[in-house]
Structure formats: C-alpha cells, structure tokens
Amino acid sequence: MASIFESPELIGAFIGEVEEQLQLLENNVVELEKNGGTAEVVQELFRAAHTLKGSSATMGFEKMKTLTHEMENVLDKIRNGLLEISRPVIDVLFECLDCLNMLKEDFVSDSNNVKTEITPVITKLKEISSENETNNQNSDSDKAENLETGRREQPIFVLDEKQQEQINQALGIGQNVLVCEVEILEDSQMKSVRACLIMNFLNEWGTVINMVPNVMEIPIDSDVGKVAFLVVTQMSADELRQKVQNDLMDIKEVRVFPYFIQNSISQTKDGETGVRDKDNSSGVKTATEEKRVVHTVRIDVDRLERMMDLVGELVIEQIRIAQVANNLYNQYPSDETIDDLIGISNRVSILINELQEGIMKTRMIPVQQLFSRFPRMVRDLSVSLNKEVNLVLEGGETEIDRTIMEEMSDPLIHLIRNAIDHGIENPEIRKKLGKPEQGTLRVTALPEDSNVIITVEDDGAGIDPQEIKQSAIKKRIVTEQEANNMTEQQLINLIFQTGFSTSQKVSDVSGRGVGMDIVKTHIEKLNGIIDVETCAGSGTKFIIKLPIKLPLTLAILKGLLVKISNETYALPMNNVVEIVRKPKNEIESINGQAVAVIRDRAIPLIWLHDYFGIPRGNERKNTLIVLLGIAEKRFGLVVDELIGNQEIVVTNLGSYIGKVEGISGATILGDRSVACILDVVGIAKIVNSRKVSRIDVEYSKQ
Amino acid sequence: MNDLLTSQYVAYELAGEKYALKISDVYEIIKMQSITPIHNSKPFLEGVINLRGKIIPVANLHKRFGLGNYTPTKKTRIVVVKSRDEMIGIVVDKVNQVIRFSDIQPPPEMVAGIDGSYFEGVGITDEGVISILKIDKVLHE
C-alpha cells in the first residue's frame, strides 16, 4: 500500500498541496489576529485544516493527520461560536503552523522517518479547547441581555451562496433577518429533539435559514445547551421573542436581535446599507473562487521551462526564415512562389507571437503569492524587536513572471527586515518624535508598461547621507576627497557597495546597509533598476523597477539603435531610462568628470568614442544623451544619432573573440550589416575612467 | 610531408608576398564587405561580418605580421577558414589560384620578415616559391 504513495510525482503533488494550504492557514491566522475572526476567515481556516487532514491521511502521514484533526476540532469550536478567539488561541495556532512546517520538511527528507514531535502541540490544542469551553459557560451566565452585547456575541453562521441570496431577498422586500438564541433548560430531556421542535415552530412564523450548532446533524442524545437560529420573518425582534417565550416549553432564556451580516467585531459599526453591498461582493467572490478551483491544472515548472525554450528557438528560426525569404525576394523579385513564402512566413510569425504570449502568461503569477509571506515575517520580527508595525500590502493582483518573483523574494525580504530593524523606531522614540507609535511599512506593486514597479516604504528614521559618508570613509570604500565631491544621492547610493554590508559596525553607525549589495546584485541580474528616496527623520522609500516578463530567451531583446560616430550600436531598451538633448553649455565638469543635470540629478556622461578610439562626432548645438540605468547606477551615454528601436536577435561573438569589455554581443540588422550590442553593466564599470568622461578641452571652450 | 604534397592549396597575396592555405582549411572565399569593428578586442581583429546570417570574426593578417595596413581594392577578398572548429575570416589582397606543389621544403628561420615557425614550409612552383601558413597558429597564438 505504502509503496504506491512513494512515487515522486505523488509526493511532489502532496507537498505542493501542503505548502499551498499552509500558506493559506498562515495568512488566515495572521488575519484572525489582526481583525478578529470573520466567518469567512474561520471557515477558510477550517477548510484548509480539513484538506490537509484528508491528503495527509491518504498519504499515510499519521502525524500530520492527527495534528490537523485536533486543529480542526478547535477551529470547529471557533466556527460554532463555542470558543472565543484570544491571544493563547492564536499563539497555539501559530505553533501548529510551525509544527506542520517541520513535519513537511521531515516528510520531504525522509517520509519514513518523521522526527518532529507533535504531542506538546496537541496537548496545548486540547487544553485550549477544554479551557475555553468552561470559560464560555461561566461567562454565558454573566451575559447581560442587552442588544449591544448581543451584537458582539452573535454566533458565527456559515452561509452558502443560496442562503446569502435568501437573506438579500428578504431584506429587499422589507422582512427582518433575526438571530434567535434559545437556551434550553438544563433538566430538559432529549435536548436535540427539543431544538428540532423549536426550529419547526420558528419555521411556522418565518424561515430558518441557518443554525448553530446544526440540530439536524448532532447526535440525538448529545447535550445541547444553547442554539442560535437565523430566521427570516415579518415579525419584529420583540414580537418573536414574546412568541417564543410564550408558546414554547423547556426554555430557560431567549434572546432575539437583528442579524449583522459581517460577523467581525471591528465591522459591527457598519451601517446596514453598507453591509448589504459587502455581502453581495463576498458572494460573488466565492463563486469565482469555486470556478477557479475547477479550471486549474498543476504543471511541473520544468515542463513550462522546456516549452519556453522551444518557443524561443522557434522565434529565432522564424526570424531566419523571414530573412531568407527577403533575400530570395531580392534575388527573384518577380517569382510569385516567393510572395507566398513571405505571406506564410508573416502568418507563422503572428502565430508564434501568440504562442509566445500564451506561454508567457502561464508563467505569470500574482505578486500576492510573494506578498503573502510578509505578514507573518513582519509580525514575528516586530514582536522580537519590540516594535509596532502596520504592514500595508497593495497591488497584490499585479502579475509577474514566476522566475522574476522568486528572484525578488530575497531582496524584498531584506528590504523589509532592514526597514523594521533600522528604519522604524521603537514606540517610545516615535512618541517623542511626535510620530504615531505604530510605524507603517508599505509594500506596493504596480504595473507600468512592460515593467512592474515595486516599492518598499517606511516612515522610520531615514538615511542620513552624512553618516553614510563618515562610515564609508572609515571603511575605505571612498577617500575623503572623493566623498566630499559626491552629491547626497551618490552618498546614499554607497549603501549598495559591497564593503558596506560586511561590517556590522558600519551598519550600526549608518543604521542601514546590511546586505544591500545582495539586493543590488539580484536586481542587476534581473536587469532591473533601483532608486532610493530618503529623508532623514521621516522615512525611506525603495523603488524597484523590474521587467514583468523574463526575456523569452536571452537571444531576443528590445533594442535602441544609436550611432556613435558612424558606427551603429544597440542598447537594451530595458536599461534606457530616457533620452534627452542638452545644450552644450549645460554640460559641466566636476573634477574632470563631465556631468549633466537631468531631473535634478547630476548624471556622469560617457563618450564611448574615446573608449573605442574613434573621433567624437561633429559639433552640434545640442548633445544627445541616452540616460541608462542598471540597479542603482545612472549614467548618460553621449550618442551622435538615434536610429530607432526594434527587436534584435542577440548572437554572442564566439569564443575566438571572447569577452570584450562593454560589448555583450552582436546582431544582424535589416540591411544585413552587423551591429554590436552594448553591455550596460560593463559600461557602468568604466564610468569612473576619467579618459572617457572628460569634457574635451576644445569642446568645453566653444 | 607526403600529405602536404598531395594536397591542393589556395594561393593568395598579402602586401605583395605570395602565401598559400591548404584547401581543406578554406571554407569559402567572399568579396570584401563592410566589417563592423569590435573595439578593445584582439589587436589584429578587424571586426565581424554577416556570413549568411552567421556572425563571424575577421582577422587582419597585415596587422598580425606588421606588414602595414591593406587598402581595400576590387581584388580584396575575405578568405573564410575553419580553425579550431570556428569560422574566421582573413582579409587578403588578392586570391590567385588553386595549385599543387611539386616540392615542399622546410621553412627557413625567417620568411619575408615573419618568424619561420608560422609556416608549414615553402612550396616550390614554376613561378617561384609560396609560403604555406600554419593558420591555426597564426590566428590563435
């Protein structure tokens, strides 16, 4: 039996499912802690635990099954309003999550040898559920019978779509939706039957939509104390209460109050009109969710990867077919077969484009999947650092290629850690500074053309350029003289230097910078751009611009064609920030480095002419500057002419030529000539070489 | 030596001197075309060309041997050779003909001012002697 379940595919699918459900559990527990339990959240928790129980039982994974079973019991009690959500409950749930994670790890490494102990957690779960039961019973008798507390203690009804609809309709035609809580006399015989009888009575005066606990399902001899019915009726709350009290027997207490659709404590203040809208939207949401479940297929990423590769090759071959067709056309302009060939080639090219788009789309996932890891992390970190942090996540629905997202995970976690560790101050300090005690950490994602902009922003201490300067000089990353010549932005960008990250001491002084070079390296690898906006005292914002899609293959990129002297070069469009024309007299020299001020930033300029040993272009009034960016670096490339942008096929220069500084490859242009592709990272490295960036002596005189 | 004698050779000229390449090393001979320069690479690398959709490097043997640069004329050709599994073009002033040698002698210490170790030998023809280049060594070392 066990051997069937040892196949790698099955285990892989199982682990995939476990990871998904664990993530779901985690999100919802965090939500539970933050906003109290709405019916939906509790229901989702329950469902996730139940799913886990089911699949671990199938796999013969006893420990996970037992643990999730106990979790289910506790969650069931919460769901039915028998257990209040409190700090200890949340803590135990978090413990369960950690335990489940460890179980999963164990299972991955050796499914027959799971070492993680579940007994302590299970004991705690059992304690919680029994403790709270008694608490609940005690507090029940203390409950005042006023309406306000009634609202707050409204049991959680789990409604399906049809029932939601019924409520909406009832409200629409002016009927009342009431909660009728009935406590059955303790010495009453066969309480469950009594409960059924009450239900039947209520059904005469209205319609019972739902009840907690469900009297139809509980065993006949079980001990039912209190039953809550959700009733749609013409009667008012008082009328109904009167009637129940007068007409029914064996009843200790009756409370009737209007039903509040959102059950969370924080939302009871909502007006009734607002509540109905919300109700509708949540109904729609569950409907779409159900659909999505049905239409989803799990695919191994490797298969997608393979398809990507194949499409990449297809694109390249298609471009070659088009080239050959063009050549043939030039040779035999009057041959109709060649016209056909060109037609087919164009059609195939369109189809391949669509195929490419399709495959790209399958690799896109919402950023939410990455974001969902943050709440738990922020919670744990702020608890351990004794800080109050409100995490705001926006734009989770933005889609991005999964590889890019995976690559971004580490840098974002780093930035968030930094923001909490060094950015946001302790509550006491914040209070003194007149800031709200709770710091805000905002992480957003926003699509922009073929890029996505991710920002990480805190309202903490900010970065002081002077402190950076001092520690950079101390660490010998720059000399004092160099540092004195740097702009504030340049100083702040020093946090991305490798030396900055290695020394704990420096980071203590500067308050920032542990591992910022890792952030930079990752972003550079993805061909992204990072900006820092900071204001000492009021916070820091990191702005990261990334391509939404990975290049299909590294072999095709969008290029900007420019002329340097009379030679044509291609620049990767991803790195082009903007193109500006500057009058010659606006180009200044700072310590021999030519600089142009573009959007309030001093940008160093490069003449590749000098580097390549070709004469600088003819003197014109304006200098044409292509502003390039890679990770945190910006620089201006002086070009003589812009030709345009187009898709280019990248060919490497082959092993005979080998690596050439500043050039990443070559491409064949439409006129069959060859153009070199400039390597932005490589050029960024030579930016400091005075040789290429000095204003020509004669040039500056004019 | 026997192998050298039975082979056919492509004879060409560089700066007025006659040279030869084993025909099995030659992949193709094309007319001169515009060469895209690759700056800051090997000193005698002239650049790259598009050979029917493939980008191949072109070497400048004039520079390699310090012969003073060539001036492109109608007769200038690019001889594409296969060297160490890669196609590489070399610019020559003129391609003469395909020939066989009646005798091949070991290279002297210096051939037309070039180190003798770059040559397989010197081929004897009716019209005079032609130096046979070791193309792999010339391009790679």
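Chains as they are written, first to last, in numbering that gives the first Met the number 0: chain X, 0 to 701; chain D, 0 to 140. Ideal placement from N, C-alpha and C gives every residue a C-beta, glycine not left out.
Within-7 Å CB hit, residue i to chain X
{"i": "D/Pro71", "result": "no"}
{"i": "D/His61", "result": "no"}
{"i": "D/Val47", "result": "yes"}
{"i": "D/Ile142", "result": "It is not possible to answer for residue 142 of chain D, since the shown part of chain D is limited to 0 through 140."}
{"i": "D/Asn68", "result": "no"}
{"i": "D/Asn77", "result": "What sits at residue 77 of chain D in the sequence shown is Ile, not Asn. Answer no: the Cβ-Cβ gap between D/Ile77 and chain X never drops below 7 Å."}
{"i": "D/Glu140", "result": "no"}
{"i": "D/Glu85", "result": "yes"}
{"i": "D/Ser40", "result": "yes"}
Closer than 7 Å to chain D by CB, residue i
{"i": "X/Lys284", "result": "Because the pLDDT at X/Lys284 is just 45, under 50, the model does not fix this residue reliably, and the value given afterwards should be weighed accordingly. It does not: the Cβ of X/Lys284 has no partner Cβ on chain D nearer than 7 Å."}
{"i": "X/Thr287", "result": "Confidence in X/Thr287 is poor, its pLDDT being 46 and thus under 50, which makes the residue's placement too unreliable to answer from."}
{"i": "X/Ile642", "result": "no"}
{"i": "X/Arg319", "result": "yes"}
{"i": "X/Val508", "result": "Any reading at X/Val508 must be qualified, since the residue scores a pLDDT of 34, below 50, and its modelled position is unreliable; the value itself is stated next. Cβ-Cβ to chain D under 7 Å: no for X/Val508."}
{"i": "X/Lys290", "result": "Unreliable positioning characterises X/Lys290 in this predicted model, as indicated by a pLDDT of 44, which lies under 50. A coordinate reading is not provided."}
{"i": "X/Phe611", "result": "yes"}
{"i": "X/Lys684", "result": "no"}
{"i": "X/Val518", "result": "no"}
{"i": "X/Ile667", "result": "yes"}
{"i": "X/Arg615", "result": "no"}
{"i": "X/Ser500", "result": "The predicted position of X/Ser500 is uncertain, since its pLDDT is 49 and thus under 50; a value taken from the coordinates is nonetheless stated next. Taking Cβ atoms only, chain D never reaches closer than 7 Å to X/Ser500, which makes this a no."}
{"i": "X/Gln701", "result": "At X/Gln701 the pLDDT is 35, less than 50, meaning the model places this residue with poor confidence; the figure from the coordinates comes in the next sentence. It does not: the Cβ of X/Gln701 has no partner Cβ on chain D nearer than 7 Å."}
Proximity below 7 Å, CB of residue i to CB of residue j
{"i": "X/Thr454", "j": "X/Ile528", "result": "no"}
{"i": "X/Thr50", "j": "X/Gln20", "result": "yes"}
{"i": "X/Ala595", "j": "X/Lys632", "result": "no"}
{"i": "X/Ile707", "j": "X/Val579", "result": "What the structure shows of chain X is the stretch from 0 to 701, and residue 707 of chain X is not part of that stretch, so it cannot be assessed."}
{"i": "D/Ile89", "j": "D/Leu50", "result": "no"}
{"i": "X/Val40", "j": "X/Pro374", "result": "no"}
{"i": "X/Val211", "j": "X/Asn425", "result": "no"}
{"i": "X/Val300", "j": "X/Gln355", "result": "no"}
{"i": "D/Arg134", "j": "D/Gly120", "result": "Here residue 134 of chain D turns out to be Ile, not Arg, going by the sequence shown. Contact flag unset, no."}
{"i": "X/Gly459", "j": "X/Gly538", "result": "yes"}
{"i": "X/Val518", "j": "X/Pro410", "result": "yes"}
{"i": "D/Leu138", "j": "D/Ile87", "result": "yes"}
Under 8 Å by beta carbon: chain D residues contacting residue i
{"i": "X/Leu340", "result": "What X/Leu340 touches in chain D: nothing, since even the nearest Cβ is about 16 Å away."}
{"i": "X/Gln322", "result": "Gly52"}
Where residue i meets chain D, residues with beta-carbon distance less than 9 Å
{"i": "X/Val673", "result": "Ser33, Ile34, Thr35, Gly46, Val47, Ile48, Asn49, Ile54"}
Residue i Cβ short of 6 Å to the ligand HEM heavy atom set
{"i": "X/Ala601", "result": "As presented, the structure is devoid of all ligands, the ligand HEM included, so that no description of it is given."}
If you measure beta-carbon to beta-carbon, which residues of the segment 648-665 of chain X are closer than 8 Å to chain D?
Thr650, Leu652, Gly653, Ser654, Tyr655, Ile656, Gly657, Val659, Glu660, Gly661, Ile662, Ala665
Would you list, in sequence order, the uninterrupted beta strand (DSSP E) runs of no fewer than 3 residues that lie entirely inside the segment 611-686 of chain X?
621-629, 632-638, 640-648, 662-667, 673-677
What residues in the segment 554-583 of chain X have a beta carbon less than 9 Å from any beta carbon of chain D?
Glu566, Thr567
Which runs of the beta strand (DSSP E) at least 3 residues long sit entirely within the segment 329-374 of chain X? Give them in chain order.
363-365
Inside the segment 66-125 of chain D only - alpha helix (DSSP H) runs reaching at least 4 residues
none
Segments of 3+ residues assigned as beta strand (DSSP E) that fall wholly inside the segment 374-431 of chain X:
388-393, 398-400
Give the list of continuous alpha helix (DSSP H) stretches no shorter than 4 residues that lie fully inside the segment 7-45 of chain X.
DSSP assignment within the segment 7-45 of chain X yields the following whole alpha helix (DSSP H) runs of 4 residues or more, N-terminal first: 7-34.
Would you mind listing the beta strand (DSSP E) stretches within the segment 528-552 of chain X that are 3+ residues and don't spill past its ends, in chain order?
Correct list: 528-534, 538-546.
Beta strand (DSSP E) segments (min. 3 residues) lying fully within the segment 225-249 of chain X:
225-232
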